[in-house]
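Novice:
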Amino acid sequence: MIQVAVILKEITVKAGTTLSYPVVIRNRGDEDFLLLLNVNSIPENWDAVFELEEEKEAVSQILLLEGETMRLNLVVTPPSIVDIGNYKIAAVISNMEGTFEKQIDVGANIIGSYSLKISASTLYTSATSGGSTSFTATVTNTGQSPVTTIKLSMVDIPSGWEYSVTPVQTASIASKESSTFNVLVKTPDSAVAGDYMITIKAESDQVDSSEVQIRVTVSASTSWGLIGIGIAFVAIVGLIIVFKKFSRR
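Whatever position you read off the sequence shown (first residue = 1), add 927 for the numbering used here.
Below, the structure written as structure tokens:
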């Protein structure tokens, strides 16, 4: 008599993960059996094979000796990109003579695998006081499932600075696809020359990316430079006049 036991009948995994269902086959009879292992129902573009537990080798038939117990795994591999949901797989174990047949029904519950990566076109940029600078940020879906409502968030920006992002948001990004955002940053007229940091990240309905920092070097605007030169010139002229006045005395 042949006994077949499936240890796990349903497994929940993230998209992109291979599933393994342990199967134990026992020969309780007094004769040897050549058993055929077949997968007869599987979702489209999926793959499934029986493997020996120890050797990790794919097998389509096994010789089960009298009184022997054999451990196998039904290894199921979904495609790299798969929709979230429940899937059914069916396999059959039978003997050559057709006197024994056992169907194995297992389920795969695929949940989302989400990951976002953000990269900026530059990690260093410059602007003048009261001026602006721009760069692009590319958001890539590095997970196995689509993400929705993707936005670029300004996590940290100096007080008084302004910024705009276009587009405001992207409806969705498929797995391994990217979307690019244009970022415009404006410094206030009162910004003191120096180095400043701004921090951005990508957000979605499912997951956020890590943060990226961009250094902005602010220099005095040309107009302020001209004003400074003018003040210095006036001061010098004034000193010359005073000097001449006292020299005559």
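Ideal Cβ positions, reconstructed from N, Cα and C, are used throughout, including at glycine. None of these values were measured; they are calculated from a predicted model.
Taking SER1117 as the reference, give the member of THR1065, TYR1051 and VAL1145 with the closest Cα.
Specialist: Per the Cα distances, VAL1145.
Novice: In chain order, what residues of the same chain have a beta carbon less than 7 angstroms from the beta carbon of ASN965, not counting five sequence neighbours either side?
Specialist: Here the set comprises ALA1018 and VAL1019.
Novice: How long is the line joining the alpha carbons of SER947 and ASN967, rounded to whole angstroms?
Specialist: Computed Cα separation, rounded: 17 angstroms.
Novice: Indicate the three-state DSSP secondary structure (helix, strand or coil) for ILE1008 in the structure shown.
Specialist: In this structure, ILE1008 counts as coil in the three-state DSSP scheme.
Novice: Do you know offhand how far ILE1231's Cα is from SER1105's?
Specialist: Within the shown structure, residues of the chain are numbered from 928 to 1176, placing residue 1231 beyond reach of any answer.
Novice: Below 8 angstroms, how does it come out for the segment 1114-1130 and the segment 1082-1093: are there three or more Cβ pairs, yes or no?
Specialist: Touching, yes.
Novice: Kindly indicate which residue of THR1055, ALA1129, GLY1070 and PRO1094 has the alpha-carbon position closest to the one of ALA1047.
Specialist: The residue with the shortest Cα to Cα distance from ALA1047 is ALA1129.
Novice: Would you kindly work out how many angstroms separate the C-alpha atoms of VAL1003 and SER987, rounded to a whole number?
Specialist: For VAL1003 and SER987, the distance between alpha carbons rounds to 15 angstroms.
Novice: Residue range of the beta strand (DSSP E) that SER1106 falls in?
Specialist: That run of the beta strand (DSSP E) goes 1105-1113.
Novice: What are the uninterrupted segments assigned as beta strand (DSSP E) that are 3 or more residues long and contained completely in the segment 935-990, given in chain order?
Specialist: Within the segment 935-990, the complete beta strand (DSSP E) runs of at least 3 residues are 937-941, 946-954, 960-968 and 974-979.
Novice: What does the alpha-carbon distance come out to for the pair TYR1123 and VAL1143?
Specialist: If I take the Cα positions, the gap works out to 5 angstroms.
Novice: Is VAL1033 near LEU999, with beta carbons less than 9 angstroms apart?
Specialist: In this structure, LEU999 does not lie closer than 9 angstroms to VAL1033 by Cβ.
Novice: What's the call for LEU1079, buried or exposed, on a 16-neighbour Cβ count within 10 Å?
Specialist: Buried, because 16 or more other Cβ atoms sit within 10 Å of the Cβ of LEU1079.
Novice: If you draw a straight line from the C-alpha of MET997 to the C-alpha of ILE934, how long is it?
Specialist: Spanning the two alpha carbons is a distance of roughly 13 angstroms.
Novice: Looking at THR1097: is its Cβ nearer than 9 angstroms to the Cβ of VAL1134?
Specialist: Contact: no.
Novice: Output needed for LEU1050: all residues of its chain with C-beta closer than 8 angstroms, excluding positions within five of it in sequence on either side, in chain order.
Specialist: The answer, listed in chain order, is VAL1139, GLN1140, ILE1141 and ARG1142.
Novice: So, with DSSP's three-state summary, where would you put ILE1084?
Specialist: Coil, per DSSP.
Novice: Sort out for me which residues DSSP pairs ILE1031 with in a bridge.
Specialist: ILE1031 pairs with ALA1018.
Novice: Quick one: what's got a C-beta closer than 6 angstroms to THR1055's C-beta in the same chain, skipping five residues either side?
Specialist: SER1146 and SER1148.
Novice: Would THR1052 pass as a contact of THR1060 if the rule is Cβ separation under 9 angstroms?
Specialist: Against a cut-off of 9 angstroms, the Cβ pair of THR1060 and THR1052 comes out as a contact.
Novice: Alpha carbon to alpha carbon, how far is PRO1005 from ILE1011? Give it in angstroms, no decimals.
Specialist: Taking the straight line from one Cα to the other gives about 11 angstroms.
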